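So in this note's numbering, spot 175 of the sequence shown is number 162, and the numbers just go up one at a time.
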Amino acid sequence: MAASTSIKFAGAQIPEKGTAVVLTDKKLQLGELAASLDKSAGERFALFARIKSFRGAARKALEMVAPTGVELERILFLGIGESAPSGRFDWLRLGGAAAKLLPSEGEATIILQDPAGNYPSPGEAAAFALGLTLRRYRFDRYKSQKKDDEEKNGPVTVTIGVGDPVKATAAWKIEAAVDAGVELARDLVNEPANILGPVEFADKLAALDGDGLEVEVLEEKALAKLKMNALLGVAVGSERPPRVVIMRWNGGKKGDKPVAFVGKGVVFDTGGISIKPASGMEDMKGDMGGAAAVSGVMLALARRKAKVNAVGIVGIVENMPDGKAQRPGDIVTSMAGKTIEVINTDAEGRLVLADILTHIQKTTSPDAMIDLATLTGAIIVALGHQHAGLFANDDRLADGLLAAGLETGEKVWRLPLGEEYDKMIDSKNADMKNVGGRWGGSITAAQFIKRFVDEGVAWAHLDIAGTAMGSPSSDTNESWGSGFGVRLLDQFVRDRYEKG
Ligand code: BES
Ligand code: MN
Ligand code: ZN
């Protein structure tokens, strides 16, 4: 749910009314425009800074309310630290900090001239705007009464003063597409499961054809015909039928192999018959974070008309205990023909992924295949909320994702795969079992998925259980659902497919 933040770029000019934001550094220097503003407001910046112990640290701000000598309501001095941010990520974070300074409603002008008189590049200015809009996002659809601190996202029009407003506006068109993708992913994760079932999720994705995506929705009958019995086994305990949705964006050269994104979409994970404890179970409304990220990045690529061929596939089910639900000990035959002994019905994500990975490999031959899933609690034990787990059978692919993680701040950390781990999911009664025992739970989960990756396919798996939801507030997000993965994959596409 986009907080309505309307972004405009203009030549840098001091506004006459409303809120003005200007930059300063650790030496409390001001650029030409900021200095002239301070001058017309009585030159009290240095005094205020001293009284408030403001030192111009990066992303900290000093507020001057109702300054005399000007019509402005407020002047805000936003710190940049040692020197101006460099690169898109630093500007993105500064934009996030600026979001906290805006009025709850109305107009604000932010002048991005640094103390040395320089402006960010158009791409950096657009990244600043992206940070600002992402930080202003709130999921407040169900708040019928808004409290003071929650009202901070009324409609705001922000004019950003830059060196080249025409180029910045063009760059913002691209980042606005990314913003839409992240906000879609956040909305999907935040939405409760009574509202967002598999059918509703699929309907939302079907509507993305208006953005230029080709969308195909597979209903239960089609899934049965394809023999997706691993996925269907998870869905069978729910009153609500499953869906598989395939989204295609063909912005690249005809005939170029697509990059494939694959997402786990469990709209609610009770654990099934291996039911989860009550405490914290509400968080399992976010167990479709992988599918949300895949949907978000596909929307972003389509909106910014990315020069790439991409396909996204999501498996959307609900994992419920029921008289018809699958039992521990049941054996299912996956679409790939491999048999799986379901030891624990709570290890359901890998069952869903197995079949959609098979389907996408049968219908396209991907250049690279990346799956995203809120797959294991164990990854949160290992990496906390700060990194997603990365597993890959291809170093170039892994390195590309690691680099994109650093560029966007959506960081990933590589963990090992290996035969010793693979052995842990061998089963006495079937080709494999769906859990590997107590230790190395994220790794054995990845080994399970790997068994459904065809020879020669470059594949990576991102375990986003710790990063898709419930992360601490960051420079770019205050919502429970983070939209993790959208910016990461978008950056990965830029680097791997759109350079040169
Ligand atoms: N959806 C959960 C993983 C999860 C846990 C995501 C916490 C987000 C926060 C997954 O389906 C699951 O239940 N995994 C089990 C696997 C176990 C049964 C081998 C887990 O991690 O406990
Ligand atoms: Mn589970
Ligand atoms: Zn799950």
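Ideal Cβ placement from N, Cα and C applies to all residues, glycine included. On a predicted model such as this, the values are computed, not experimentally measured, just so you know.
Comparing alpha carbon positions, the residue from 317, 294, 449 and 17 closest to residue 71 is 17. Within the chosen limit of 8 Å, the ligand BES does not reach the beta carbon of residue 413 with any heavy atom.
A direct Cα-to-Cα measurement between residue 466 and residue 415 gives close to 45 Å.
Here residue 282 carries a helix assignment [DSSP, helix/strand/coil].
Placement of the Cβ of residue 253 at a distance of less than 8 Å from at least one heavy atom of the ligand MN is found. Annotated three-state conformation of residue 388 is helix, per DSSP. The alpha-carbon of residue 174 is positioned some 12 Å away from that of residue 278.
Taking 4 residues as the shortest admissible run, the segment 5 to 51 contains the following complete alpha helix (DSSP H) segments, listed from N- to C-terminal end: 19 to 27 and 32 to 38.
In the three-state reduction of the DSSP assignment, residue 359 falls in the strand class. Short note on residue 336: C-beta closer than 8 Å to some heavy atom of the ligand MN. In the three-state reduction of the DSSP assignment, residue 196 falls in the helix class, which pools H, G and I. Counting of Cβ neighbours within 10 angstroms places residue 129 among the exposed residues, the total staying below 16.
Relative to residue 202, the option among 286, 171 and 449 whose CA is nearest is 286.
The beta carbon of residue 387 lies closer than 7 Å to those of 479, 482 and 483 in the same chain, with the five residues before and after it left out.
If you look at residue 298, you'll find it in the beta strand (DSSP E) that goes 296 to 306.
Take residue 37, set aside five residues on each side of it, and no residue of its chain has a beta-carbon closer than 7 Å to its own.
Rounded to whole angstroms, the separation of the alpha carbons of residue 121 and residue 131 is 23 Å. Within the segment 171 to 256, complete beta strand (DSSP E) segments of at least 3 residues are found at 201 to 205, 230 to 237 and 246 to 256, given in chain order. Distance from the CA of residue -4 to the CA of residue 154, rounded to the nearest whole angstrom, comes to 9 Å.
Residue 61 is bridged by DSSP to 6 and 52. A direct Cα-to-Cα measurement between residue 303 and residue 294 gives close to 28 Å. At a cut-off of 8 Å, the beta-carbon of residue 358 does not count as near the ligand ZN: no heavy atom of the ligand is closer than that. Pairing residue 250 with residue 397, the inter-Cα distance amounts to about 17 Å. Within its own chain, the residues whose Cβ lies closer than 6 Å to the Cβ of residue 247, once the five positions on either side in sequence are excluded, are 298, 347, 353 and 356, listed in chain order.
Taking the C-beta atoms as reference points, residue 221 is found no nearer than 9 Å to residue 300. Non-local C-beta neighbours of residue 424 in its own chain, meaning closer than 8 Å and more than five positions away in sequence, comprise 411 and 431, ordered along the chain.
A check of alpha carbon separations from residue 433 across 418, 449 and 443 identifies 449 as the nearest. Separation of the CB atoms of residue 179 and residue 272 is rounded to 5 Å, and the pair is thereby assigned contact status at 8 Å. With respect to residue 15, residue 56 sits apart: the two C-beta atoms are not nearer than 9 Å.
Exclusion of the five residues before and after residue 258 leaves 333 as the residues of its chain whose Cβ lies within less than 6 Å of its Cβ. Distance from the Cα of residue 336 is smallest, within the candidate group 316, 362, 311 and 319, for 362. For residue 400, there is no enclosing alpha helix (DSSP H); the residue is part of the beta strand (DSSP E) that begins and ends at 399 to 401. The C-beta distance from residue 67 to residue 113 rounds to 18 Å, too long to meet the 8 Å contact threshold. Looking at the DSSP output, residue 96 sits in a beta bridge with 7 and 146. Cβ contact annotation for residue 146 (same chain, cutoff 8 Å, sequence separation greater than five): -5, -4, -3, 2, 94, 95, 96 and 97, in chain order.
Rounded to the nearest whole angstrom, the CA to CA distance from residue 408 to residue 377 is 16 Å.
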